[in-house]
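Participant: Once you've had a glance at the structure underneath, I'll fire off some questions.
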Amino acid sequence: MHAHHFPRITREEAAALSVERAPWLQVAPDGKTGDIMRADKPFRPVYDALWDPQARLAEMDAQGVDIQITCATPIMFGYEFTPEKVLPWAQRMNDLALEFCAAAPKRLVALAQVPLQDIDAACREASRAKATGHHGVQIGNHLGDRDLDDEGLVTFLQHCANEGIPLLVHPWDMMGGNRMKQWMLPWLVAMPAETQLGILSLILSGAFERIPESLKICFAHGGGSFAFMLGRVDNAWKHRDIIRKDCPRLPSEYVKRFYVDSAVFDPGALRLLADVMGTDRIMLGSDYPFPLGEQSIGKLVAEQPGFSDADKRAIYADNAVEFFGLQALVR
71 MHAHHFPRIT
81 REEAAALSVE
91 RAPWLQVAPD
101 GKTGDIMRAD
111 KPFRPVYDAL
121 WDPQARLAEM
131 DAQGVDIQIT
141 CATPIMFGYE
151 FTPEKVLPWA
161 QRMNDLALEF
171 CAAAPKRLVA
181 LAQVPLQDID
191 AACREASRAK
201 ATGHHGVQIG
211 NHLGDRDLDD
221 EGLVTFLQHC
231 ANEGIPLLVH
241 PWDMMGGNRM
251 KQWMLPWLVA
261 MPAETQLGIL
271 SLILSGAFER
281 IPESLKICFA
291 HGGGSFAFML
301 GRVDNAWKHR
311 DIIRKDCPRL
321 PSEYVKRFYV
331 DSAVFDPGAL
341 RLLADVMGTD
351 RIMLGSDYPF
361 PLGEQSIGKL
371 VAEQPGFSDA
381 DKRAIYADNA
391 VEFFGLQALV
401 R
(Lines of atoms letter the chains of each structure in order from A; the text may use other names.)
(Lines give C-alpha, C1' and ligand atoms only; values in the text may rest on other atoms or scores of the structure.)
Protein backbone atom coordinates (compact mmCIF):
# COMPACT_ATOMS: atom_id res chain seq x y z
CA MET A 71 0.00 0.00 0.00
CA HIS A 72 3.02 2.29 -0.32
CA ALA A 73 4.14 2.44 -3.94
CA HIS A 74 4.61 5.32 -6.33
CA HIS A 75 3.98 6.27 -9.93
CA PHE A 76 4.94 9.20 -12.16
CA PRO A 77 2.91 9.80 -15.34
CA ARG A 78 4.49 10.64 -18.67
CA ILE A 79 4.20 14.36 -18.02
CA THR A 80 5.68 16.39 -20.85
CA ARG A 81 7.85 19.42 -20.33
CA GLU A 82 5.14 21.56 -21.91
CA GLU A 83 2.50 20.22 -19.54
CA ALA A 84 4.77 20.87 -16.56
CA ALA A 85 5.42 24.43 -17.78
CA ALA A 86 1.77 25.29 -17.15
CA LEU A 87 2.57 24.91 -13.46
CA SER A 88 6.15 26.23 -13.49
CA VAL A 89 8.79 26.37 -16.21
CA GLU A 90 11.66 26.09 -13.72
CA ARG A 91 10.31 23.92 -10.91
CA ALA A 92 7.49 21.64 -12.05
CA PRO A 93 8.54 18.01 -12.66
CA TRP A 94 8.30 16.22 -15.99
CA LEU A 95 9.42 12.86 -17.37
CA GLN A 96 12.21 12.41 -19.88
CA VAL A 97 12.17 8.89 -21.30
CA ALA A 98 15.35 7.53 -22.93
CA PRO A 99 15.26 6.23 -26.52
CA ASP A 100 15.18 2.66 -25.22
CA GLY A 101 11.79 3.39 -23.63
CA LYS A 102 12.86 1.51 -20.50
CA THR A 103 14.77 4.14 -18.56
CA GLY A 104 14.47 7.86 -17.97
CA ASP A 105 14.73 10.74 -15.56
CA ILE A 106 12.32 12.85 -13.58
CA MET A 107 13.35 16.35 -14.61
CA ARG A 108 13.02 19.92 -13.40
CA ALA A 109 13.64 22.21 -16.37
CA ASP A 110 16.96 20.89 -17.78
CA LYS A 111 18.14 19.32 -14.51
CA PRO A 112 17.69 15.61 -13.73
CA PHE A 113 16.05 15.04 -10.36
CA ARG A 114 16.03 11.23 -10.20
CA PRO A 115 16.83 8.34 -12.57
CA VAL A 116 13.84 6.02 -13.00
CA TYR A 117 12.70 3.07 -15.07
CA ASP A 118 9.56 2.05 -16.90
CA ALA A 119 7.66 0.45 -14.00
CA LEU A 120 7.19 3.99 -12.69
CA TRP A 121 5.07 5.07 -15.68
CA ASP A 122 4.17 1.93 -17.65
CA PRO A 123 1.38 -0.14 -16.05
CA GLN A 124 2.23 -3.23 -18.09
CA ALA A 125 5.83 -3.17 -16.87
CA ARG A 126 4.51 -2.76 -13.34
CA LEU A 127 2.07 -5.64 -13.63
CA ALA A 128 4.86 -7.90 -14.89
CA GLU A 129 6.96 -7.02 -11.83
CA MET A 130 3.97 -7.49 -9.53
CA ASP A 131 3.53 -10.98 -10.98
CA ALA A 132 7.21 -11.73 -10.43
CA GLN A 133 6.99 -10.47 -6.83
CA GLY A 134 3.72 -12.29 -6.07
CA VAL A 135 1.81 -9.05 -5.45
CA ASP A 136 -1.91 -9.32 -6.22
CA ILE A 137 -3.00 -5.72 -5.53
CA GLN A 138 -0.92 -2.57 -5.24
CA ILE A 139 -2.00 0.84 -3.99
CA THR A 140 -0.05 3.50 -5.84
CA CYS A 141 0.33 7.22 -5.24
CA ALA A 142 2.19 10.21 -6.64
CA THR A 143 5.94 10.58 -6.35
CA PRO A 144 6.08 13.41 -3.76
CA ILE A 145 7.81 15.83 -6.14
CA MET A 146 4.42 15.97 -7.86
CA PHE A 147 2.68 17.56 -4.83
CA GLY A 148 3.22 21.14 -6.02
CA TYR A 149 2.83 22.64 -2.54
CA GLU A 150 5.22 25.47 -3.38
CA PHE A 151 3.02 26.91 -6.13
CA THR A 152 0.01 29.23 -6.05
CA PRO A 153 -3.38 27.64 -5.37
CA GLU A 154 -4.90 28.77 -8.66
CA LYS A 155 -2.18 26.88 -10.56
CA VAL A 156 -1.85 23.81 -8.36
CA LEU A 157 -5.55 22.89 -8.22
CA PRO A 158 -5.81 22.10 -11.96
CA TRP A 159 -2.41 20.39 -11.70
CA ALA A 160 -3.63 18.13 -8.88
CA GLN A 161 -6.82 17.36 -10.77
CA ARG A 162 -4.82 16.43 -13.87
CA MET A 163 -2.43 14.25 -11.88
CA ASN A 164 -5.36 12.49 -10.22
CA ASP A 165 -7.01 11.81 -13.56
CA LEU A 166 -3.72 10.41 -14.88
CA ALA A 167 -3.42 8.19 -11.82
CA LEU A 168 -6.81 6.68 -12.61
CA GLU A 169 -5.76 6.18 -16.24
CA PHE A 170 -2.67 4.33 -15.01
CA CYS A 171 -4.76 2.05 -12.80
CA ALA A 172 -7.35 1.45 -15.53
CA ALA A 173 -4.90 -0.98 -17.11
CA ALA A 174 -5.82 -3.46 -14.34
CA PRO A 175 -8.57 -2.02 -12.14
CA LYS A 176 -8.71 -5.08 -9.91
CA ARG A 177 -4.96 -4.95 -9.23
CA LEU A 178 -3.94 -1.28 -9.31
CA VAL A 179 -5.54 1.17 -6.88
CA ALA A 180 -4.89 4.91 -6.82
CA LEU A 181 -4.50 7.47 -4.05
CA ALA A 182 -5.06 11.11 -4.97
CA GLN A 183 -3.09 14.28 -4.25
CA VAL A 184 -4.60 17.60 -3.17
CA PRO A 185 -3.58 21.30 -3.10
CA LEU A 186 -3.01 21.63 0.64
CA GLN A 187 -2.10 25.31 0.34
CA ASP A 188 -5.83 25.95 -0.21
CA ILE A 189 -7.74 23.92 2.40
CA ASP A 190 -11.18 24.46 0.85
CA ALA A 191 -9.87 23.35 -2.56
CA ALA A 192 -8.06 20.40 -0.94
CA CYS A 193 -11.28 19.25 0.70
CA ARG A 194 -13.22 19.57 -2.54
CA GLU A 195 -10.58 17.70 -4.53
CA ALA A 196 -10.35 14.92 -1.94
CA SER A 197 -14.10 14.41 -2.21
CA ARG A 198 -14.02 14.60 -6.02
CA ALA A 199 -11.20 12.08 -6.13
CA LYS A 200 -13.11 9.68 -3.92
CA ALA A 201 -16.16 9.99 -6.15
CA THR A 202 -14.12 9.28 -9.30
CA GLY A 203 -12.46 6.12 -8.00
CA HIS A 204 -9.54 6.96 -5.74
CA HIS A 205 -9.36 4.97 -2.51
CA GLY A 206 -7.74 7.70 -0.44
CA VAL A 207 -5.34 10.64 -0.52
CA GLN A 208 -1.61 10.94 -0.06
CA ILE A 209 -0.36 14.14 1.60
CA GLY A 210 3.01 15.45 2.68
CA ASN A 211 3.81 15.64 6.38
CA HIS A 212 4.02 19.45 6.37
CA LEU A 213 3.30 22.51 4.29
CA GLY A 214 6.25 24.86 4.57
CA ASP A 215 6.51 25.72 8.27
CA ARG A 216 3.01 24.39 8.98
CA ASP A 217 2.95 20.93 10.56
CA LEU A 218 -0.07 18.65 10.79
CA ASP A 219 -1.33 20.43 13.91
CA ASP A 220 -1.86 23.63 11.88
CA GLU A 221 -5.52 24.58 12.14
CA GLY A 222 -6.01 24.53 8.38
CA LEU A 223 -4.47 21.08 8.06
CA VAL A 224 -6.51 19.85 11.03
CA THR A 225 -9.60 21.08 9.18
CA PHE A 226 -8.56 18.96 6.21
CA LEU A 227 -8.02 15.92 8.45
CA GLN A 228 -11.45 16.48 10.00
CA HIS A 229 -12.97 16.61 6.51
CA CYS A 230 -11.34 13.30 5.59
CA ALA A 231 -12.54 11.74 8.84
CA ASN A 232 -16.11 12.88 8.19
CA GLU A 233 -16.06 11.82 4.53
CA GLY A 234 -14.40 8.43 5.12
CA ILE A 235 -11.30 9.29 3.07
CA PRO A 236 -8.18 7.35 4.15
CA LEU A 237 -4.86 9.21 4.25
CA LEU A 238 -1.27 8.20 3.66
CA VAL A 239 1.22 10.72 5.06
CA HIS A 240 4.54 10.77 3.21
CA PRO A 241 7.62 12.82 4.19
CA TRP A 242 8.91 15.32 1.67
CA ASP A 243 10.95 18.56 1.44
CA MET A 244 13.16 17.33 4.23
CA MET A 245 14.73 19.44 6.96
CA GLY A 246 18.46 19.94 7.25
CA GLY A 247 19.48 22.22 4.41
CA ASN A 248 23.19 22.36 3.61
CA ARG A 249 24.11 20.11 6.54
CA MET A 250 22.75 17.17 4.53
CA LYS A 251 24.39 17.94 1.23
CA GLN A 252 25.51 14.43 0.18
CA TRP A 253 25.30 10.67 0.79
CA MET A 254 21.51 10.89 0.53
CA LEU A 255 21.43 12.13 4.13
CA PRO A 256 18.07 13.90 3.67
CA TRP A 257 16.54 10.49 2.91
CA LEU A 258 18.51 8.63 5.60
CA VAL A 259 18.31 11.10 8.50
CA ALA A 260 15.75 13.83 7.81
CA MET A 261 13.05 11.64 6.26
CA PRO A 262 12.56 9.47 9.39
CA ALA A 263 12.65 12.63 11.51
CA GLU A 264 10.03 14.33 9.33
CA THR A 265 7.68 11.39 9.82
CA GLN A 266 8.17 11.37 13.59
CA LEU A 267 7.56 15.13 13.60
CA GLY A 268 4.28 14.64 11.75
CA ILE A 269 3.07 12.06 14.27
CA LEU A 270 4.16 14.03 17.34
CA SER A 271 2.65 17.25 16.02
CA LEU A 272 -0.75 15.52 16.10
CA ILE A 273 -0.19 13.93 19.51
CA LEU A 274 1.50 16.66 21.56
CA SER A 275 -0.62 19.51 20.18
CA GLY A 276 -3.83 17.80 21.21
CA ALA A 277 -4.96 17.71 17.57
CA PHE A 278 -6.00 14.09 17.88
CA GLU A 279 -8.46 15.22 20.56
CA ARG A 280 -10.16 17.47 17.98
CA ILE A 281 -10.16 15.00 15.10
CA PRO A 282 -12.83 12.27 14.99
CA GLU A 283 -11.58 8.79 15.77
CA SER A 284 -13.03 7.75 12.42
CA LEU A 285 -9.95 9.26 10.72
CA LYS A 286 -7.91 6.61 8.94
CA ILE A 287 -4.34 7.91 8.75
CA CYS A 288 -1.17 5.97 7.97
CA PHE A 289 2.44 7.16 8.16
CA ALA A 290 4.98 5.82 5.68
CA HIS A 291 8.35 4.20 6.38
CA GLY A 292 7.22 2.53 9.57
CA GLY A 293 6.42 5.88 11.14
CA GLY A 294 10.04 6.97 10.76
CA SER A 295 11.87 7.21 14.07
CA PHE A 296 8.66 7.30 16.14
CA ALA A 297 8.68 3.76 17.54
CA PHE A 298 12.33 3.90 18.63
CA MET A 299 11.93 7.31 20.29
CA LEU A 300 8.50 6.81 21.91
CA GLY A 301 10.01 5.96 25.30
CA ARG A 302 11.84 9.27 25.30
CA VAL A 303 8.61 11.10 24.48
CA ASP A 304 6.66 9.34 27.25
CA ASN A 305 9.43 10.10 29.73
CA ALA A 306 9.37 13.78 28.77
CA TRP A 307 5.57 13.90 29.13
CA LYS A 308 5.81 12.45 32.64
CA HIS A 309 8.46 14.86 33.89
CA ARG A 310 7.98 18.15 32.01
CA ASP A 311 4.73 20.08 32.24
CA ILE A 312 5.49 21.94 28.99
CA ILE A 313 5.09 18.60 27.19
CA ARG A 314 1.76 17.91 28.90
CA LYS A 315 0.20 21.36 28.44
CA ASP A 316 -1.69 20.47 25.23
CA CYS A 317 -1.58 16.68 25.42
CA PRO A 318 -3.94 15.25 28.04
CA ARG A 319 -2.79 11.64 27.78
CA LEU A 320 0.49 9.74 27.74
CA PRO A 321 1.77 9.92 24.15
CA SER A 322 1.99 6.15 23.83
CA GLU A 323 -1.77 5.95 24.39
CA TYR A 324 -2.31 7.50 20.93
CA VAL A 325 -0.72 4.67 18.93
CA LYS A 326 -4.20 3.29 18.20
CA ARG A 327 -5.11 6.52 16.37
CA PHE A 328 -2.90 5.80 13.35
CA TYR A 329 -1.27 3.12 11.21
CA VAL A 330 2.21 2.68 9.76
CA ASP A 331 3.65 0.66 6.89
CA SER A 332 6.21 -2.11 7.15
CA ALA A 333 9.04 -0.51 5.15
CA VAL A 334 11.75 -0.58 7.84
CA PHE A 335 14.19 -3.06 6.19
CA ASP A 336 15.47 -4.73 9.37
CA PRO A 337 14.02 -7.65 11.41
CA GLY A 338 14.79 -5.95 14.73
CA ALA A 339 13.14 -2.73 13.60
CA LEU A 340 10.04 -4.60 12.44
CA ARG A 341 9.88 -6.49 15.75
CA LEU A 342 10.04 -3.21 17.68
CA LEU A 343 7.42 -1.67 15.41
CA ALA A 344 5.08 -4.60 16.04
CA ASP A 345 5.69 -4.34 19.79
CA VAL A 346 4.80 -0.63 19.77
CA MET A 347 1.99 -0.52 17.20
CA GLY A 348 0.62 -4.07 17.15
CA THR A 349 0.41 -6.10 13.95
CA ASP A 350 -3.15 -4.84 13.49
CA ARG A 351 -1.73 -1.34 12.79
CA ILE A 352 0.95 -2.25 10.23
CA MET A 353 0.37 -2.56 6.47
CA LEU A 354 2.70 -3.94 3.83
CA GLY A 355 4.60 -1.08 2.23
CA SER A 356 7.57 -1.22 -0.11
CA ASP A 357 8.26 2.29 -1.53
CA TYR A 358 8.31 0.58 -4.93
CA PRO A 359 9.79 1.12 -7.50
CA PHE A 360 12.68 3.08 -6.01
CA PRO A 361 16.13 1.80 -4.95
CA LEU A 362 15.54 2.78 -1.31
CA GLY A 363 12.41 0.59 -1.25
CA GLU A 364 12.07 -3.06 -0.32
CA GLN A 365 13.48 -4.95 -3.29
CA SER A 366 11.85 -8.29 -2.43
CA ILE A 367 8.38 -7.15 -1.40
CA GLY A 368 7.07 -8.85 1.72
CA LYS A 369 10.25 -10.81 2.47
CA LEU A 370 10.89 -8.98 5.74
CA VAL A 371 7.41 -9.84 7.01
CA ALA A 372 7.58 -13.41 5.69
CA GLU A 373 10.85 -14.11 7.52
CA GLN A 374 10.00 -12.28 10.75
CA PRO A 375 10.50 -14.61 13.75
CA GLY A 376 7.54 -14.68 16.07
CA PHE A 377 4.92 -13.53 13.58
CA SER A 378 2.00 -15.93 13.39
CA ASP A 379 0.25 -16.72 10.13
CA ALA A 380 -2.54 -14.41 11.30
CA ASP A 381 -0.02 -11.60 11.92
CA LYS A 382 1.38 -12.01 8.42
CA ARG A 383 -2.08 -12.09 6.81
CA ALA A 384 -3.00 -8.92 8.67
CA ILE A 385 0.08 -7.08 7.44
CA TYR A 386 0.03 -8.52 3.92
CA ALA A 387 -3.59 -7.72 3.19
CA ASP A 388 -6.29 -7.71 5.87
CA ASN A 389 -5.35 -4.37 7.47
CA ALA A 390 -5.11 -2.59 4.12
CA VAL A 391 -8.35 -4.11 2.82
CA GLU A 392 -10.16 -2.67 5.82
CA PHE A 393 -8.25 0.63 5.91
CA PHE A 394 -8.71 1.46 2.20
CA GLY A 395 -12.07 -0.26 1.68
CA LEU A 396 -10.89 -2.85 -0.84
CA GLN A 397 -13.36 -5.59 0.06
CA ALA A 398 -14.86 -5.68 -3.43
CA LEU A 399 -11.43 -6.48 -4.93
CA VAL A 400 -10.71 -9.48 -2.74
CA ARG A 401 -14.01 -11.33 -2.78
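Residues 71 to 401 in the numbering used here are what the sequence shown spells out, letter by letter. Where a beta carbon is used, it is the ideal one built from N, C-alpha and C, also for glycine.
Between Asp-345 and Cys-288, which are expected to be in contact by the criterion C-beta below 8 angstroms, what is the C-beta distance as a whole number of angstroms?
Facilitator: The pair is not a contact, with the Cβ atoms about 18 angstroms apart (cut-off 8 angstroms).
Participant: Evaluate the contact criterion for the region 137–155 versus the region 75–87: three or more CB pairs, one atom per stretch, below 8 angstroms.
Facilitator: The region 137–155 is in contact with the region 75–87.
Participant: Return the residue from the list Ala-167, Ala-192, Arg-81 that minimises the CA-CA distance to Glu-154.
Facilitator: Nearest C-alpha to Glu-154: Ala-192.
Participant: From the DSSP secondary-structure annotation, give me the bridge partner or partners of Val-330.
Facilitator: DSSP, once it has assigned bridges, lists Phe-289, Ile-352 as partnering Val-330.
Participant: Specify the secondary structure class of Phe-113 as computed by DSSP and reduced to three states.
Facilitator: The answer is strand: DSSP assigns Phe-113 an E or B state.
Participant: Report, in whole angstroms, the separation of the C-beta atoms of Gly-407 and Leu-255, which I expect to be a contact under 8 angstroms.
Facilitator: The question about residue 407 has no answer, for the chain in this structure spans 71 to 401.
Participant: When you compare the CB positions of Leu-272 and Asp-219, do they come within less than 9 angstroms of one another, or not?
Facilitator: In contact: Leu-272 and Asp-219 (Cβ atoms closer than 9 angstroms).
Participant: Would you list the one or two residues that DSSP bridges to Pro-93?
Facilitator: Partner(s): Arg-108.
Participant: State the Cα-Cα distance for the pair Pro-158 and Pro-375, rounded to the nearest angstrom.
Facilitator: Rounded to whole angstroms, Pro-158 to Pro-375 spans 48 angstroms at the Cα level.
Participant: Helix, strand or coil: which one does DSSP assign to Ala-173?
Facilitator: Coil.
Participant: For Gly-301, count the other beta carbons within 10 Å of its own beta carbon; 16 or more makes it buried, fewer makes it exposed. Which is it?
Facilitator: It is exposed - the Cβ of Gly-301 has fewer than 16 other Cβ atoms within 10 Å.
Participant: In three-state DSSP terms, what is Gln-397?
Facilitator: DSSP places Gln-397 in helix when its eight states are reduced to three.
Participant: How would you label His-309, buried or exposed, when you count the other beta carbons within 10 angstroms and need 16 or more for buried?
Facilitator: Result: exposed.
Participant: Between the C-alpha atoms of His-212 and Ile-281, what's the straight-line distance to the nearest angstrom?
Facilitator: Taking the straight line from one Cα to the other gives about 17 angstroms.
Participant: Mind checking Lys-286: buried by the 16 CB within 10 Å criterion, or exposed?
Facilitator: That one is buried.
Participant: Quick one: complete alpha helix (DSSP H) runs, 4+ long, within the region 244–330?
Facilitator: Listed in chain order, the complete alpha helix (DSSP H) runs (minimum 4 residues) inside the region 244–330 are 261–274, 277–280, 296–309, 311–314.
Participant: Going by beta carbon distance, what residues of the same chain come within less than 8 angstroms of Arg-314, once the five residues before and after it are set aside?
Facilitator: Cβ within range, chain order: Trp-307.
Participant: Determine the direct distance from the alpha carbon of Ala-92 to that of Val-283, and round the result to whole angstroms.
Facilitator: In the sequence as presented, Val is not what sits at residue 283; that position holds Glu. C-alpha separation (whole angstroms): 36 angstroms.
Participant: Which stretch, first to last residue, makes up the beta strand (DSSP E) that contains Leu-178?
Facilitator: It spans 178–180 - the beta strand (DSSP E) in which Leu-178 sits, taken as one unbroken run.
Participant: Return the CA-CA distance between Leu-267 and Pro-321, expressed in angstroms with no decimal places.
Facilitator: Approximately 13 angstroms, taken between the alpha carbons.
Participant: Where does Val-89 land, buried or exposed, given buried means 16+ other C-beta within 10 angstroms?
Facilitator: That one is exposed.
Participant: Helix, strand or coil for Glu-238? Go by DSSP, reduced to three states.
Facilitator: In the sequence on display, residue 238 carries Leu and not Glu. The answer is strand: DSSP assigns Leu-238 an E or B state.
Participant: Using a threshold of 9 angstroms, state whether the C-beta atoms of Trp-94 and Thr-80 are closer than that.
Facilitator: Yes, Cβ-Cβ distance for Trp-94 and Thr-80 is below 9 angstroms.
Participant: Mapping DSSP to helix, strand and coil, what is His-75?
Facilitator: It is a strand residue.
Participant: Report the option in Arg-327, Val-224, Glu-392 whose CA atom is closest to the CA atom of Ala-277.
Facilitator: Comparing Cα positions, the closest option is Val-224.
Participant: Could you tell me which of Ala-339, Asp-188, Gly-294 sits nearest to Glu-152, measuring between CA atoms?
Facilitator: Before going further, note that residue 152 is Thr rather than Glu in the sequence given. For the residues Ala-339, Asp-188, Gly-294, the minimum Cα distance to Thr-152 belongs to Asp-188.
Participant: Using C-beta distances below 7 angstroms, list every residue in its chain close to Ala-109, excluding the 5 sequence neighbours before and after it, in chain order.
Facilitator: Excluding residues within five positions, the ones whose Cβ falls inside 7 angstroms are Val-89, Glu-90.
Participant: How far does the alpha helix (DSSP H) with Ala-125 in it reach, from first residue to last?
Facilitator: 123–133 is the span of the alpha helix (DSSP H), which, as asked, contains Ala-125.
Participant: For Asp-190, does the three-state DSSP call read helix, strand or coil?
Facilitator: It is helical.
Participant: Looking only at its chain, what residues have a beta carbon closer than 8 angstroms to the beta carbon of Asp-316, apart from the 5 residues adjacent to it on each side?
Facilitator: If we look at Asp-316 and ignore the five residues flanking it on each side, its Cβ neighbours are Leu-274, Ser-275, Gly-276.
Participant: Taking only three categories from DSSP, how would you classify Asp-17?
Facilitator: Only positions 71 to 401 of the chain appear in the structure, and residue 17 is not among them; the question remains open.
Participant: Ignore the nearest five residues each way along the sequence and tell me which others in Ser-356's own chain have a CB closer than 7 angstroms to its CB.
Facilitator: Only His-72, Ala-73, Ala-333, Gly-363, Glu-364, Ile-367 meet the Cβ criterion.
Participant: Quick one: is Glu-233 buried, meaning 16 or more other Cβ sit within 10 Å of its Cβ, or exposed?
Facilitator: Flag for Glu-233 reads exposed.
Participant: Across which residues does DSSP place Asp-210 in a beta bridge pair?
Facilitator: Before going further, note that residue 210 is Gly rather than Asp in the sequence given. Answer is His-240, bridged to Gly-210.
Participant: To the nearest angstrom, how far is the alpha carbon of Asn-389 from that of Pro-115?
Facilitator: When rounded, the distance between both Cα atoms is 32 angstroms.
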